[in-house]
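Engineer:
Protein chains in written order, with the numbering used here: chain L, 51 to 659; chain Z, 51 to 659.
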């Protein structure tokens, strides 16, 4: 052993002991004939004191930052104690040292606020990983994984490994495939998730399964996506939705406690998908703050059970509103005194290409009881008051209104709400709010193909009350213009998403466990019998031999860690992430392979010119 | 929730409680107007009693084996208690039941001794997994993983995930590769192990890393190999060999305790590679029993420090021995009275193609002090006695002697020793003996290419005392016939294997952490600078920025579980294994992929006719 203690271990009670430490040189501070060195390892930093004699040796063997050093010495009480670090009461008076390895000058500083750009840090990821900020992220990740495993173990879940070399059944996302040398012309796929395997384990009677497991999707990478990512994957038998919700909010509360020391004792809120969309404009609302949407003009037939309030803006000959598919407002608290410059800035914000609106209407609800709006010439004060009241605005608030096509306007208002919430400090990093979103539609309509697609995935069960509707009706949509009147349009899924601070951290469903219903689902998705058999014959087969009712959930582990760590980027919580082109710039992968490899795999390139 | 209790939970103290159970019908036994059903779930079996009224309902809805049932009823004390199962004191008097799902008649019986053949059970793996024997294996596997994680956690190891989509650097085994759609013409590789990543994590200062992780090797599958397998992968910084040995024999002892309740308090034995080969004929000896090899004629120059005893058999004009490269004997205890039939049978056994010897010589050391041998006409009793004595034979033993070429004879004798040990009951399933094998040669000689190959892998460090030899000599072998005289031939590796009952369960090494030495190693393996840079530039780079001394070890997790479970086959300990052609016969994978997938990946098939 190169050391008797770590650099984070020594305390006042070790004074006068002879110890050995090993670690990296963090700083070198020379004062005449003595030198102080901060020696760093994973566990902390210890100050080393090199006296006169050793100082000479140091002159002959100069130490640089990041040199690897082994020292022996005597623990000494410091005269100038450092209260900021746990070892700050002592220093080590060095009696002998060995340079275990030298270091070039690192290409960027190994500090929390580094001068290294993204590309440089990715190329030298092994140095980036030395930074305390990154180390803390990986430690948090390990703590989350440990807490998860303990909770699930205590609740009788078994970690069971599922295979990585499986069959390509591209449904939603694209598969990564792996040519099989032993079966020329054939390919494995890497799993997008262990979905069917965990269901088979339920059929096999394993009752409660979990795995913290890598999954793979060959998608064009958006800002915060990775081609390989990690899931906490769980499945339970003999459960209904309520059982799953209880079990997994329990898991997240346990993680809060273990990792953040937060007692999340309040009840986890629940909201239907329709309410989430109606009140927040998206299916993963951040409920750390209110500012709900007022849907003034509701888009035709999107929200079946919601009331239209078009009369609030109609009959004023304001074309922008009259011609819009939808008009949506929010009341931003305490902003009625925004200047022209400020309202212009928000208008520019919604006109950015990422948001894509043409403009913004505002109503200032002044504290003196008057109303001032950008559309004063179309609407009387009385009308403005009616709109502001409906949006829940109080004196001093600023009502913001967007109008346009349904989807874009809704998304834009959702973003604007989040932006205003952020600007007003209503989205606090250290506040955590969980929310279950429930009752998703089972199907979405795919316009190009005039057919249904599964909103979640093809294994999600409809609500028990909707099973008959599904079985007894044909999924065929005869009249595309009336797809909303098709009985399948209103089928709700037995599915649930867990949302944390506006991020979907987990989602799942009660699964179909009856062959007939599963076949109907595949049929609805446009799979004929041959295709069903080719892709999922094993699952349909399994359902014939006593499949139990079951359901489960998967957490996006990378994202969960990022949110708990107060970050927007999952990349900071992955030891060796890929960039937005799916490249590992440190390894320089992917890369070319040898002619011999092509030959053995019996494939060749077919590059488009 | 479909149940209030599991099928393994109810005891005498639950009598008179109303409970709900759910599970699978194991057996149905009708006795006139009542029916007994054994209901099974993961946790156990509970006997259900259907009284007269429900019996009628059962007649209308007949239950078959593996039907999924939900029942409510009252816990009742049994008159005929079953002491073999924990729930045997009670039964459930059913008041209502629901058939949750039906089952076809399974293609094989779901029992410990099943009538299903291998292929059938693999095709219906989800039914095979229901068998108690398989379930126990997966439970053991989970227990080993849990024990491992707890021990490593307590010893400051951090679970850090390493990537699966990496760079192809085929060294030893063949890589599985993954075409990159976003980087046309380029491929990722699946990791054969996280070797370089864990070393980088040490460079990054993570100090102690572990992972239970899938690895991939595209090899022609031998009987007990899988293309994807699981490793317990560990690495530590600032350690010497002794530290690693202590840490990981501690891990295995902890697993013994947690999983098998065995207190392995004895010291783990250690043996040099040379002694293992000399005394047992292989590098992973089963030391549950003795029966060491007597190398009568040692092959020229293989064992540098060992004594030749050719004089024992020379000068007798027995050509078989005179012409053999090597002659090896063992003394099998208590078998001097084997009949002709028995010695013939052993002779046939060594002549099987798997063993490949031409014959067997035996010497019976009779209890009356006489000697009887198959080569009596060449050797006097005195000579026979000398051989038998040298082999350590006592009165009543049987000496078996093989002669031939070095490698084949050594392997054959190693196999024969194991076979005789097995026949004599010296290899007990419930006895566990650990052994460290140390001081492996760093290099092996590759005859075809007249160069060195790494015996372990290119990152293994030579013994500290051999580093100078390695650095100061050219690896080039100028005279192939004298490769044994090359200074590299005697370099020993700082490597170690952990052997359990004759199986290598883990292996590792102290790593090279100096750029210069690593380059020398790559050079020795025939890699020029450009290739070194292309394949391992990131690692050589990392060694320039303060790499600490480090080392580690990886356990073959599947094999470790199999041995602890008393099985020879790792397949029984993997939930969804592949067959010997690398196929998952349940999924029918690998399989063809769509034209669209080829198109997107810009590859095509190049099948040999």
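Glycine is no exception: its CB is placed at the ideal position from the N, C-alpha and C atoms.
1. Do you know offhand how far residue 356 of chain Z's Cα is from residue 461 of chain Z's?
2. Throw me the rounded Cβ distance for the residue 343 of chain Z and residue 470 of chain Z pair, which I believe falls under 8 Å.
3. Could you confirm whether any beta carbon from chain L is found closer than 9 Å to the beta carbon of residue 151 of chain Z?
4. Kindly list, in the order they appear in chain C, the residues whose Cβ is closer than 9 Å to that of residue 381 of chain Z.
5. Give every residue of the same chain whose Cβ lies closer than 7 Å to the Cβ of residue 629 of chain L, excluding the five residues on either side of it in the sequence, and list them in chain order.
6. Identify, in the order they occur along the chain, each residue of the same chain with its Cβ nearer than 8 Å to the Cβ of residue 604 of chain Z, setting aside the five sequence neighbours on each side.
7. State the CB to CB distance for the pair residue 358 of chain L and residue 477 of chain L, rounded to an integer number of angstroms; the pair is presumed to be in contact (CB under 8 Å).
8. For a quick check, are the C-beta atoms of residue 202 of chain L and residue 240 of chain L less than 9 Å apart?
9. Quick one: complete alpha helix (DSSP H) runs, 4+ long, within the region 393-455 of chain Z?
10. Could you spell out the range, first to last residue, of the beta strand (DSSP E) harbouring residue 95 of chain Z?
11. Looking at the secondary structure, which residues open and close the alpha helix (DSSP H) in which residue 141 of chain Z lies?
12. So is residue 278 of chain L in contact with chain Z if we call contact Cβ pairs under 9 Å?
13. Which residues, in chain order, does the region 78-101 of chain L contribute to contact with chain Z at a C-beta distance below 8 Å?
14. Measuring straight from C-alpha to C-alpha, what distance separates residue 349 of chain Z and residue 208 of chain Z?
15. Since residue 563 of chain Z is in the alpha helix (DSSP H), which residue starts that stretch and which ends it?
16. Is the region 252-264 of chain Z in contact with the region 171-185 of chain L, if contact means three or more CB pairs nearer than 8 Å?
17. Could you check if residue 169 of chain Z is buried or exposed, using at least 16 other CB atoms within 10 Å of its CB as the buried criterion?
18. Can you give me, in chain order, the residues of the region 494-517 of chain Z that have a beta carbon less than 9 Å from any beta carbon in chain L?
19. Counting only beta-carbon atoms, is residue 274 of chain Z nearer than 9 Å to chain L?
20. Quickly, what does DSSP pair residue 542 of chain Z with across the bridge? List them, please.
21. In its own chain, which residues sit with a C-beta less than 7 Å from the C-beta of residue 413 of chain Z, not counting the 5 before and 5 after it?
22. Counting C-beta neighbours from all protein chains within 10 Å, is the total for residue 468 of chain L 16 or more, i.e. buried, or is it exposed?
23. Could you give the residue range of the alpha helix (DSSP H) that holds residue 287 of chain Z?
24. Would you call the region 612-619 of chain Z in contact with the region 185-195 of chain Z, where contact means no fewer than 3 C-beta pairs closer than 8 Å?
25. Less than 9 Å between CB atoms is the rule here; does residue 136 of chain L satisfy it with respect to chain Z?
26. Specify, as a first and last residue, the run of the beta strand (DSSP E) that residue 198 of chain Z falls within.
27. What residue does the alpha helix (DSSP H) around residue 299 of chain L start on, and which one ends it?
28. Among the residues of its own chain, which have a CB less than 8 Å from the CB of residue 128 of chain L, if the five just before and after it don't count?
29. Would you say residue 234 of chain Z and residue 271 of chain L are within 9 Å of each other, going by their C-beta atoms?
30. What alpha helix (DSSP H) runs, 4 residues minimum, are completely inside the region 345-397 of chain Z?
31. In or out: residue 445 of chain Z buried (at least 16 other Cβ within 10 Å) or exposed?
32. From the DSSP secondary-structure annotation, give me the bridge partner or partners of residue 604 of chain L.
33. For residue 156 of chain L, which residues in chain Z fall below 7 Å Cβ to Cβ?
34. The beta strand (DSSP E) with residue 121 of chain L in it runs from where to where?
35. Going by the beta-carbon positions, is the gap between residue 326 of chain L and residue 379 of chain L smaller than 9 Å?
36. What in chain Z is Cβ-close to residue 54 of chain L, meaning under 8 Å?
Structural biologist: On the basis of the data shown:
1. Cα to Cα, residue 356 of chain Z sits roughly 18 Å from residue 461 of chain Z.
2. The Cβ separation is near 12 Å, so there is no contact.
3. It does: the Cβ of residue 151 of chain Z has a partner Cβ on chain L nearer than 9 Å.
4. Here chain C cannot be found, since the structure's protein chains are L and Z.
5. 172, 635
6. 243, 281, 282, 283, 284, 556, 557, 558
7. 30 Å between Cβ atoms; not a contact.
8. The Cβ atoms of residue 202 of chain L and residue 240 of chain L do not sit closer than 9 Å to each other.
9. 431-440
10. Element bounds for residue 95 of chain Z: 94-100.
11. Per DSSP, residue 141 of chain Z lies in no alpha helix (DSSP H) segment; the continuous beta strand (DSSP E) that holds it begins and ends at 140-151.
12. Residue 278 of chain L counts as touching chain Z.
13. 90, 91, 92, 93
14. 47 Å
15. Note, residue 563 of chain Z: premise wrong, no alpha helix (DSSP H); not H, not E.
16. yes
17. exposed
18. From the region 494-517 of chain Z, no residue has a Cβ closer than 9 Å to chain L.
19. Judged by the 9 Å Cβ criterion, residue 274 of chain Z is not in contact with chain L.
20. Z:491
21. Taking C-beta separations shorter than 7 Å and ignoring five residues to either side along the sequence, the partners of residue 413 of chain Z in its chain run 421, 423, 434, 437, 438, 449, following chain order.
22. It counts as buried.
23. It is not in any alpha helix (DSSP H) - residue 287 of chain Z instead sits in the beta strand (DSSP E) that spans 278-287.
24. yes
25. no
26. Run containing residue 198 of chain Z: none in the beta strand (DSSP E); it sits in the alpha helix (DSSP H), 182-204.
27. 291-305
28. 97, 138, 139, 140, 141
29. no
30. 369-373
31. Counting of Cβ neighbours within 10 angstroms places residue 445 of chain Z among the exposed residues, the total staying below 16.
32. Its beta-bridge partners are L:283, L:557.
33. 595
34. 118-127
35. Not a contact, by the Cβ cut-off of 9 Å.
36. Proximity of chain Z to residue 54 of chain L at the Cβ level (cut-off 8 Å) is not reached, the minimal Cβ distance being about 11 Å.
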